[in-house]
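Asker: Under my numbering, the final residue of the sequence shown carries the number 540; numbering is consecutive throughout.
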Amino acid sequence: MKVRVRFGAVLVGVLVAAFPSLRADAGSAATPQEFKVRIENVSRDDTLKPSNGAKAPAAVAPGVWAVHRTTDLLFTPGQPDRGKGLEALAEDGNPGGLTESLKHDAAVVSSGVYNVPVGTSGPSPIGPGGVYEFLVTGQPGMRLSFAMMFGQSNDLFYAPGAEGIALFDESGKANTGDITPRITLWDGGTEVNEEPGVGPNQAPRQSAPNTGPRENGAVRPIAEVRDGFTYPAVSEVLRVTIVPVQRIAR
291 MKVRVRFGAV LVGVLVAAFP SLRADAGSAA TPQEFKVRIE NVSRDDTLKP SNGAKAPAAV
351 APGVWAVHRT TDLLFTPGQP DRGKGLEALA EDGNPGGLTE SLKHDAAVVS SGVYNVPVGT
411 SGPSPIGPGG VYEFLVTGQP GMRLSFAMMF GQSNDLFYAP GAEGIALFDE SGKANTGDIT
471 PRITLWDGGT EVNEEPGVGP NQAPRQSAPN TGPRENGAVR PIAEVRDGFT YPAVSEVLRV
531 TIVPVQRIAR
């Protein structure tokens with residue numbers, strides 16, 4: 291199964307342009323702190339073992355990040371998708387629409403796209419060993435949210451909980467370390483699920499973007515969705531870390 295080639299071909303057309311959006315926030319006198327976020331695909335060539343006997347890695351598509359002050363920025367668990375771009379990200383790996391929506395969200399301090407793997411020069415998904423890295427800047431009280439498609443699915447995506455991840459603890463100290471346990475595999479509720487790695491309406495095999503029966507469901511952790519399929523644990527696909535890198539002088 292040529293996951294990387296097919297999946298990349300579907301996505302590169304919509305990812306050629308990066309959609310960076312940075313907006314300065316002047317609402318706090320605290321010294322800003324910069325963080326590096328690293329997302330590594332730790333899946334193996336046989337992480338997916340579908341019923342047809344084929345084996346495949348768990349490719350992950352480019353994603354969107356945002357620093358914000360409120361909760362439920364990207365979605366609300368148990369509620370339908372809001373129609374602001376998360377559907378295209380979860381179904382087709384296209385971050386463009388969601389990025390544009392975040393540009394105009396008053397709760398967002400800064401936002402952007404991560405779509406170019408470390409060591410490469412162009413946008414693409416990441417397979418085993420592939421890494422995305424991006425920098426964010428925050429102050430106490432700010433949170434980080436991000437989302438990226440689980441490639442061998444119809445509308446599944448990886449993201450922290452709806453509240454995001456606090457960049458600082460209650461004492462104002464910058465948080466650091468492995469945040470993989472804070473990441474969940476979510477079902478977007480917009481397209482009927484098919485067996486991962488097999489479904490004809492999944493990004494590596496679909497005839498065109500936005501292809502597949504609509505579900506009209508809600509955003510939920512895939513662990514709560516009884517679709518009869520098996521999905522790898524988050525830790526079998528991703529390792530996500532966040533590290534403070536420097537203080538930004540005013």
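Each residue gets a CB set at the ideal place from its N, CA and C atoms; glycine is no exception.
Near G518, what residues of its chain come up, given a Cβ to Cβ distance below 6 Å and the 5 sequence neighbours on each side ignored?
Answerer: As a working mapping, residue 518 is identified with position 228 in the sequence shown. Contacts found: none.
Asker: Go through the region 426 to 459 residue by residue and report every complete run of the beta strand (DSSP E) that reaches 3 residues or more, in order.
Answerer: Counting whole runs of 3 or more residues, the region 426 to 459 contains the beta strand (DSSP E) stretches 433 to 440 and 446 to 450.
Asker: Return the residue from the list V403, S400, G402 and G420 that minimises the CA-CA distance to G409.
Answerer: Counting from 1 along the sequence shown, the entry for residue 409 is found at position 119. The option with the nearest alpha carbon to G409 is G420.
Asker: I'd like to confirm the pairing. Which residues does DSSP put opposite K326 in its beta bridges?
Answerer: In the sequence shown, counting from the first residue as 1, residue 326 sits at position 36. According to DSSP, which records beta bridges pairwise, K326 is partnered with L425 and V533.
Asker: Measure the beta-carbon distance from L364 to A437 and round it to whole angstroms, keeping in mind my assumption that it falls under 8 Å.
Answerer: Along the sequence shown, read from residue 1 onward, the residue named residue 364 stands at position 74. Along the sequence shown, read from residue 1 onward, the residue named residue 437 stands at position 147. With 8 Å as the limit, L364 and A437 qualify as a contact, their Cβ atoms being about 6 Å apart.
Asker: Is the Cβ-Cβ distance between G467 and T427 less than 8 Å?
Answerer: Locating residue 467 in the sequence shown gives position 177, where the first residue counts as 1. Locating residue 427 in the sequence shown gives position 137, where the first residue counts as 1. No, the pair does not count as a contact, with Cβ atoms beyond the cut-off.
Asker: Rank Q442, N342 and P490 by C-alpha distance to the C-alpha of Y521 and give the top, closest one.
Answerer: In the sequence shown, counting from the first residue as 1, residue 521 sits at position 231. The shortest C-alpha separation from Y521 is found at Q442.
Asker: Using three-state DSSP, classify P499 as helix, strand or coil.
Answerer: Translated into the one-based positions of the sequence shown, residue 499 becomes position 209. Here P499 sits in coil by DSSP.
Asker: Which same chain residues end up closer than 8 Å to L388 when comparing Cβ atoms and leaving out the 5 residues on each side of it in sequence?
Answerer: Walking along the sequence shown from the start, residue 388 turns up at place 98. Once the five neighbours on either side are set aside, the close Cβ partners of L388 are V354, L364, K374, G375, L376, A378, L379 and A437.
Asker: Might you give, ordered along the chain, the residues of its own chain that have their beta carbon closer than 7 Å to the beta carbon of P430, omitting 5 neighbours on each side?
Answerer: The residue given as residue 430 occupies position 140 in the sequence shown. Taken in chain order, the residues that qualify are A320, F458 and G462.
Asker: Can you give me the Cβ contacts of V406 inside the same chain, cut-off strictly under 6 Å, excluding the 5 residues immediately before and after it?
Answerer: What you label residue 406 is simply residue 116 of the sequence shown in a count that begins at 1. Only P413 meet the Cβ criterion.
Asker: Kindly give me the distance between the Cβ atoms of Q492 and E484, rounded to whole angstroms, as I take these residues to be in contact under 8 Å.
Answerer: What you label residue 492 is simply residue 202 of the sequence shown in a count that begins at 1. What you label residue 484 is simply residue 194 of the sequence shown in a count that begins at 1. Yes, they are in contact, since the Cβ atoms of Q492 and E484 sit about 6 Å apart, within 8 Å.
Asker: For V527 versus G478, is the C-beta spacing smaller than 8 Å?
Answerer: Here residue 527 refers to the residue found at position 237 when the sequence shown is read from its first residue. Here residue 478 refers to the residue found at position 188 when the sequence shown is read from its first residue. Not in contact: V527 and G478 (Cβ atoms no closer than 8 Å).
Asker: Pick out the complete beta strand (DSSP E) segments inside the region 468 to 498, 3 residues or longer, and give them in chain order.
Answerer: Those beta strand (DSSP E) runs which fall completely within the region 468 to 498 and span 3+ residues are 473 to 477.
Asker: Who are the Cβ neighbours of N506 in its own chain at under 7 Å, not counting the five residues just before and after it?
Answerer: Within the sequence shown, numbered from 1, the residue matching residue 506 stands at position 216. Result list for N506: empty, nothing under 7 Å.
Asker: Mind reading off the beta-carbon distance from G451 to R433? Whole number of angstroms is fine, and I expect it under 8 Å.
Answerer: For the purposes of this step, residue 451 is taken as residue 161 along the sequence shown, with counting starting at 1. For the purposes of this step, residue 433 is taken as residue 143 along the sequence shown, with counting starting at 1. Not a contact, Cβ separation roughly 10 Å.
Asker: Cutting at 7 Å between CB atoms, please list the residues of its own chain near I512, excluding the five before and the five after it.
Answerer: In the sequence shown, residue 512 corresponds to position 222, counting from 1. Taken in chain order, the residues that qualify are L446, L475, W476, D477 and Y521.
Asker: Alpha helix (DSSP H) containing P387: first to last residue?
Answerer: Counting from 1 along the sequence shown, the entry for residue 387 is found at position 97. Pro is not the amino acid found at residue 387; the sequence shown has Gly there. Here the alpha helix (DSSP H) through G387 covers G386 to K393.
Asker: Any heavy atom of the ligand ZN inside 7 Å of the beta-carbon of V403?
Answerer: Among the components of this structure there are no ligands whatsoever, and the ligand ZN is therefore not found.
Asker: Could you tell me which residues DSSP pairs with R510 in its beta bridges?
Answerer: On the sequence shown, residue 510 is found 220 positions in, with the first residue counted as 1. DSSP, once it has assigned bridges, lists D477 as partnering R510.
Asker: Would you mind sorting A346 into buried or exposed? The rule is 16 or more other CB atoms within 10 Å of its CB.
Answerer: Against the sequence shown, residue 346 aligns to sequence position 56. With 16 or more other Cβ atoms within 10 Å, it is buried.
Asker: In the DSSP assignment, find the unbroken beta strand (DSSP E) run with A378 in it and report its ends.
Answerer: Along the sequence shown, read from residue 1 onward, the residue named residue 378 stands at position 88. Where A378 is concerned, there is no enclosing beta strand (DSSP E), although the alpha helix (DSSP H) it sits in stretches over L376 to D382.
Asker: R334 to S525, Cα distance in whole Å?
Answerer: Within the sequence shown, the letter at position 44 stands for residue 334. Within the sequence shown, the letter at position 235 stands for residue 525. Approximately 12 Å, taken between the alpha carbons.
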